[in-house]
Amino acid sequence: MRTILFFFIIGFSVQTWAQKMPASSFIMVLGVAQDGGYPHTGCQKNCCKMAWKDEKLRKNVVSLALVDPKTKKWWLFEATPDIKLQLQDFRKRTNKAYPFLPEGIFITHAHIGHYIGLMEFGREVMSTNGLKVYILPKLKSFLEQNGPWSQLVSLKNISLVELKANNPVDVAENKITAFTVPHRDEFSETAGFKIETPTKKYLFIPDIDKWSKWDKNIIDEVKKVDIAMIDATFYGSTELGNRPIAEVPHPLVIETEELFGKEDHNIKNKIFLIHFNHTNPLLWDSTIQKQVLKNGFNIAKQGDVY
Ligand SMILES: [Zn+2]
Ligand SMILES: [Zn+2]
Ligand SMILES: [Zn+2]
């Protein structure tokens, strides 16, 4: 009897858990940290101390899944250094309802947090067969012309699909549009993505130098979507200690808050801050987290479903 009761409870909880997943396409957050992850290599300061001690506080590098329950397919955004944990996490959170590998991977740019996870698809690890990787032209040439990525291309582990900026591609019943944003473009251009499902529109800009450098107005762009997951690398300007923050420009959270200060609550509430540097208190300071939430903004969390 006890055994039957046990399986009943387990079965029930799996079922109620599964019901929490939306019936039409949705976004799942698989990581929220800046390229270096959280904790950050070599950081012994207060920001990372707790996360070195307690694994539960660790955060994966920024990544999303677009999940289509109708076709039972999914697409990954960014191939991060944490991809092995993230693929496993996705499998667990979706109760093995989807193939282990995504149908394709969309990548914003050639900074390590966003593309080096591709290494897991080569001969040394998974040796995948023609896994689609969607990228803008400069990132495509970068991967084709530089090892070890060129080997993934020549062995056909991955199959590069060139995106044209501002031209949507269809994936099942969803539309994805890449656009360029100003960023430190040493090896590739930098993309942001607009993701349109039959029911919702999402904006994803994990890295941008400053809102004012972009030829689009971020307030207008946020108004056009339901959910905007945007660059919140640094909270304020004094986070990097001796290292000049101007070397790595990003819109500070306090600047984004000020920019949206006069907008209605429902506009601010579309914003989900993401891509947190280890120094950003939104990762580890509950007082500042509460303040940002009180100001009407959201903080993206690993496992969130939108
Ligand atoms: Zn980044
Ligand atoms: Zn730290
Ligand atoms: Zn970057």
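First residue of the sequence shown? That's 35 in the working numbering, and the numbers climb one at a time after it. Note that CB positions come from ideal geometry on N, CA and C, so glycine has one too.
Spatial neighbours of K247 within its chain, please: CB distance less than 6 Å, with the 5 preceding and 5 following residues excluded, ordered by chain position.
Position 213 of the sequence shown, counted from the first residue, corresponds to residue 247. Closer than 6 Å at the Cβ level, and outside the excluded window around K247, lie P216.
Using 7 Å as the threshold, is the C-beta distance between Y72 and K87 below it?
Taking the first residue of the sequence shown as 1, we reach residue 72 at position 38. Taking the first residue of the sequence shown as 1, we reach residue 87 at position 53. Taking C-beta atoms as the reference points, Y72 and K87 fail to come closer than 7 Å.
Have a look at Q49 and V96 and give me their C-alpha separation to the nearest angstrom.
Taking the sequence shown and counting its residues from 1, the one referred to as residue 49 is at position 15. Taking the sequence shown and counting its residues from 1, the one referred to as residue 96 is at position 62. Residue placement at Q49 is poorly supported in this model, since its pLDDT is 43, which falls under 50; the coordinates still yield a value, given next. Cα-Cα distance, rounded: 29 Å.
Taking the alpha carbon of L91 as the point to measure from, which residue in L317, N329, K328 has its own alpha carbon closest?
By one-based count along the sequence shown, residue 91 stands at place 57. Shortest Cα-Cα distance from L91 to any of L317, N329, K328 involves L317.
How big is the Cα-Cα spacing for W109 and S175?
Along the sequence shown, one-based indexing puts residue 109 at 75. Along the sequence shown, one-based indexing puts residue 175 at 141. Distance between the alpha carbons of W109 and S175: 22 Å.
Any heavy atom of ligand 2 inside 6 Å of the beta-carbon of K87?
Your numbering for residue 87 matches position 53 in the sequence shown. Taking the Cβ of K87 as the reference point, every heavy atom of ligand 2 lies at 6 Å or farther away.
Looking only at C-alpha atoms, which of N208, M160, K107 sits nearest to I192?
Here residue 192 corresponds to residue number 158 of the sequence shown, with the count starting at 1. Cα-wise, what sits closest to I192 is M160.
For P115, count the other beta carbons within 10 Å of its own beta carbon; 16 or more makes it buried, fewer makes it exposed. Which is it?
Stepping through the sequence shown from its first residue, residue 115 is reached at position 81. When all chains shown are included, P115 counts as buried.
Can you say whether K130 is buried or exposed, counting buried as having 16 or more other CB atoms within 10 angstroms of its CB?
Taking the sequence shown and counting its residues from 1, the one referred to as residue 130 is at position 96. The residue in question, K130, is exposed, as its Cβ has fewer than 16 Cβ neighbours within 10 Å.
Contacting residues, own chain, Cβ-Cβ under 6 Å from V205 (five flanking each side not counted)
Taking the sequence shown and counting its residues from 1, the one referred to as residue 205 is at position 171. Its chain contains W109 as the residues whose beta carbon lies nearer than 6 Å to that of V205, once the 5 sequence neighbours on both sides are disregarded; these appear in chain order.
For G26, count neighbouring C-beta atoms within 10 Å of its own C-beta (all shown protein chains included) and say buried if the count is 16 or more, exposed if not.
Nothing in the structure corresponds to residue 26, since the chain is present only between 35 and 340.
Using the Cα positions of V66 and K118, report the straight-line distance between them to the nearest angstrom.
The count along the sequence shown starts at 1 and reaches residue 66 at position 32. The count along the sequence shown starts at 1 and reaches residue 118 at position 84. Using only the alpha carbons, I get a separation of about 15 Å.
Leaving out five residues on either side along the sequence, give the residues of the same chain with a beta carbon under 6 Å from the beta carbon of Y149.
Within the sequence shown, residue 149 is the residue found at index 115, counting from 1. Here the set comprises A113, I141.
Are the beta-carbon atoms belonging to C81 and H309 less than 7 Å from one another?
As a first step, residue 81 must be located in the sequence shown, where it is residue number 47. As a first step, residue 309 must be located in the sequence shown, where it is residue number 275. With contacts defined by Cβ atoms closer than 7 Å, C81 and H309 do not form a contacting pair.
Just verifying my parser: in three-state terms, what is the DSSP assignment at G295?
In the sequence shown, residue 295 corresponds to position 261, counting from 1. Looking at G295 - three-state DSSP - the assignment turns out to be coil, as it is neither helix nor strand.
Do H284 and ligand 3 come close, with the Cβ less than 6 Å from some heavy atom?
Taking the first residue of the sequence shown as position 1, residue 284 is located at position 250. No, the beta carbon of H284 sits no closer than 6 Å to any heavy atom of ligand 3.
Out of F155, F227, I301, which one is the CA nearest neighbour of L100?
The residue you call residue 100 lines up with position 66 of the sequence shown. Comparing C-alpha distances from L100 to each of F155, F227, I301 shows the shortest one belongs to F227.
Given this structure, state the Cα-to-Cα distance separating N332 from L189, to the nearest angstrom.
The residue you call residue 332 lines up with position 298 of the sequence shown. The residue you call residue 189 lines up with position 155 of the sequence shown. When only Cα atoms are considered, N332 and L189 end up about 42 Å apart.
Would you tell me roughly how many angstroms separate the C-alpha atoms of H299 and Q325, rounded to the nearest one?
In the sequence shown, counting from the first residue as 1, residue 299 sits at position 265. In the sequence shown, counting from the first residue as 1, residue 325 sits at position 291. Approximately 14 Å, taken between the alpha carbons.
Run the CB neighbour count on L327, radius 10 Å, all protein chains shown included, and call it buried at 16 or more, exposed below.
As a first step, residue 327 must be located in the sequence shown, where it is residue number 293. The residue is exposed, with fewer than 16 neighbouring Cβ atoms inside 10 Å.
Just the C-alpha distance for T37 and Y132, rounded to the nearest angstrom, thanks.
Within the sequence shown, numbered from 1, the residue matching residue 37 stands at position 3. Within the sequence shown, numbered from 1, the residue matching residue 132 stands at position 98. Reliability of the predicted coordinates at T37 is poor, the pLDDT of 49 falling under 50, and the value obtained from them is presented with this limitation in mind. T37 and Y132: Cα-Cα distance of roughly 29 Å.
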